[in-house]
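What follows is one structure encoded as structure tokens, with my remarks underneath.
Have a look at this one:
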């Protein structure tokens, strides 16, 4: 929402981040309730997250604020991120 | 001086809240449910300096919004005017995320005490904490604790007591939400109707204003003042529009801003070590290829542990109840027709005993599950199975309860407590009885050898299990696209660092869970047992078609004559002579029975060598007995064969025939007959119908019930099988196997479903739904099968 007009080269989602790399959360698309859930668990705009483990199928493990959080694919495709400089 | 203080423990999942609760209250705790929902409610009592403190352990939550049942329950408990204080349990090694809840707690206005839990881990990870500064920033006492060692617990309770008695703290800090929102909050909370509503709800006006602006429905609907609601909406709209986002998102952002200020001022992270150890374990345990096999191995271990250790204990309890039944029954003269005796022995002791014999399995299961849960593995199990289960509208966490259902549906359904509330959990509960349980194995063990050649036994059994699994998954999918339609929320689950589980925690959980099971399921099952007892007992048969007493008398007379002949004594001395050889006769009979069972087992297994070895061993044993006193032995053996065994068999047959006549006459028998037209298309007759009614009490009752309707004792399985083979076709048997697998689960399952799903209507849906499915499947199998094969 907030990032709709961001001048990023291409929309990137957490689902595109390779294992071991970090990214900064820009926003979450669709579903207010889900977004609040993510916020409560620490995934807010501006937070830097790291992809700890990604499997060929199924959910991935992400490092957020010192914790490990498993996120389903559907969730990863809704979290917009940008590259950390 | 006796004062009572009520405090609540709030905190994130995995913050060690329950460990701290256990350390505070020890064994003085009660577990129940919050009214109307199945969220577990734990309460306990402890004493500090003459004050009795009631402690409520709230469900673990990350925030206090209205989006999940747990959060709503926790918030309502905090808003309860009887609650004096909230202890916020914060995982010190993960403080910034945990403080999100803290920022919400301090706004509610109840006194808050912060417990920095697992402070030892935090220190080891290089987190330095400035407690004084933290305390000043949140305007709340801060106490360091290590829950699993119990250190800091007394200090925490004393701090809570001091805070409740005397407020030495300035009002909590006002979080800044940005100029526009702050102005709106000030304007709204200054309104007289806002202050009136806040006073009625017992909350600060500013908090109420915040919830109204956030459009938190659970709070908005408690505000009757429409003018206030309108005003809030009018104030919120332009702010949200300008920010391009919802108010709730803005406040969440502001909270994290406040938290980063707090962490900056009061915490210092000198190293990043918290997860390296866990990450290394996870690299294997949650691996895309190894994850599932490791999970299955863990589950197999739980399964083996529960049922291998539980089985002998169940046997002991069964014998105990049999003994109790015999003892109570013995208070009446032999052959007594007392209704009270029958009610106590068959109804109450039989029914309640049936419930309690499950207890060892439930105890062990919850012990094993809490070990896995506390170690952090359960979250990983949900992770690895999530992808698979999603295809069927279920969740990763549904897998474990369903697997446990193979042992017994009751603990399986209870284990769904580890699932998130919602439709996926309900679907799991409803289809769980389709996982073929251990009790149904007794039915298969009776029917399969009776109707199918040996080389097909394993295959038929396998088909039955696979049909159960396929039906469970298919029905879960069906439910999730019809009655329980709705998106599964995508997986969002924290994977806590692996920890050593504590024995104390596991034991406490085991004790409280089983208390809950006994109390809730026990009362319902007792009721249903009595109803079923009445169905098989009434109307009572007082005049029988045959004179059973005379028949029994004749059998005893024939025995006396045969005994006299075999022992070579006059008829009037037969009893005395028989008594003298009874001990030897017992030994011979025991020896034959002991070997007979094992020989039959070897024969079933097709192990000829073993069979021959056992036969030889039996004969050697008999020869040893004979060598001691050859003449005595021969007389006794003849007495056994010609007098004692025929008498026992005749008396048993008479008793069974009498029982059969009674059963036919009873409501259960009548229902069986009444059902016959309905179940005829499945290939069943009234006798099977009557046995199926018994199977509802407990699946294993089916076998005993079949024995009664065919007047063959339960011990005589092979005779019963022969009778069945003569009466029914293999296709009827297969139809019956599937019916027993799929149909109405036993009453213990129904009772537990009602308890866990939160209502009779779900239990009814399960009962009638599964029975309908069973009917349809058996109908097709029998109708199609009998046309193809006959």
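Chains as they are written, first to last, in my numbering: chain A, 272 to 356; chain B, 863 to 1652.
C-beta: ideal position from N, C-alpha, C; glycine also.
It should be emphasised that the depicted structure is a prediction, and the values quoted were computed from it without experimental measurement.
Cα atoms of residue 1428 of chain B and residue 1467 of chain B: separation of roughly 37 Å, rounded to the nearest angstrom. With contacts defined as CB atoms closer than 8 Å, residue 1001 of chain B and residue 1033 of chain B qualify as a contacting pair. For residue 924 of chain B, at least one C-beta of chain A is nearer than 8 Å to its own C-beta. Here the alpha carbon of residue 1470 of chain B sits roughly 14 Å from the alpha carbon of residue 1458 of chain B. Setting aside the 5 residues that flank it on each side, residue 292 of chain A is surrounded in the same chain by 321, 322, each with a C-beta closer than 8 Å to its C-beta; the list follows chain order. DSSP places residue 990 of chain B inside the beta strand (DSSP E), whose first and last residues are 989-991. Three or more Cβ pairs closer than 8 Å define a contact, and the stretch 1200-1209 of chain B falls short of that threshold against the stretch 1228-1246 of chain B.
When C-beta atoms of the stretch 1040-1057 of chain B are compared with those of the stretch 1023-1030 of chain B, fewer than three pairs fall below 8 Å, so the two segments do not count as touching. DSSP assignment within the stretch 1489-1560 of chain B yields no whole beta strand (DSSP E) run of 3 residues or more. In the three-state reduction of the DSSP assignment, residue 873 of chain B falls in the strand class, which pools E and B. By the neighbour-count criterion, in which a residue is buried when 16 or more other Cβ atoms sit within 10 angstroms of its Cβ, residue 1491 of chain B is exposed. Taken in chain order, the complete alpha helix (DSSP H) segments of 4 residues or longer contained in the stretch 871-959 of chain B are 879-887, 931-941.
Against residue 959 of chain B, the close residues of chain A are 312, 313, 335, 336, 337, 338, in the order they occur along the chain (beta-carbon pairs closer than 8 Å). Those residues of the stretch 1243-1263 of chain B placed with their C-beta closer than 7 Å to a C-beta in chain A are 1245, 1248, 1249, ordered along the chain. Residues of chain A whose Cβ lies closer than 7 Å to the Cβ of residue 929 of chain B are, in chain order, 304, 307, 308.
DSSP places residue 341 of chain A within a strand segment (E or B) once states are collapsed to three. The Cβ atoms of residue 1145 of chain B and residue 1587 of chain B do not sit closer than 8 Å to each other. For a Cβ distance threshold of 8 Å, residue set 1150 of chain B lies close to residue 327 of chain A, ordered along the chain. When C-alpha distances from residue 1151 of chain B are compared across B:1498, B:1253, B:1247, the shortest belongs to B:1247. DSSP lists B:978 as the bridge partner or partners of residue 1006 of chain B. Judged by pairs of C-beta atoms under 8 Å, the stretch 1640-1648 of chain B touches the stretch 1584-1603 of chain B, as three or more such pairs exist. Proximity to residue 938 of chain B across B:916, B:972, B:1345 peaks at B:972, based on C-alpha coordinates. For residue 1366 of chain B, the closest of B:888, B:1454, B:1276, B:870 by C-alpha to C-alpha distance is B:888. When the Cα atoms are used, residue 1106 of chain B and residue 329 of chain A turn out to be separated by approximately 33 Å. Under the three-state reduction of DSSP output, residue 1441 of chain B falls in the helix class.
Against chain B, a Cβ distance below 8 Å from residue 342 of chain A picks out 1352, 1353, 1354. When the alpha-carbon of residue 1420 of chain B is set against those of B:1507, B:965, B:1323, B:1385, the nearest one is in B:1507. Shown in chain order are the members of the stretch 948-972 of chain B whose Cβ falls below 7 Å from a Cβ of chain A: 956, 958, 959, 962.
Assigned with DSSP and collapsed to three states, residue 1357 of chain B falls in strand. For residue 323 of chain A, at least one C-beta of chain B is nearer than 8 Å to its own C-beta.
Between the stretch 1513-1531 of chain B and the stretch 1444-1458 of chain B, the count of Cβ pairs shorter than 8 Å is below three; the stretches do not touch. Secondary structure at residue 297 of chain A: strand, using DSSP grouped into helix, strand and coil.
Counting along the chain, residue 331 of chain A sits inside the beta strand (DSSP E) bounded by residues 331-335.
The alpha-carbon separation between residue 297 of chain A and residue 353 of chain A amounts to approximately 7 Å. Between the C-alpha atoms of residue 1234 of chain B and residue 1227 of chain B there is a straight-line separation of about 11 Å. Taken through DSSP and simplified to helix, strand or coil, residue 1297 of chain B comes out as coil.
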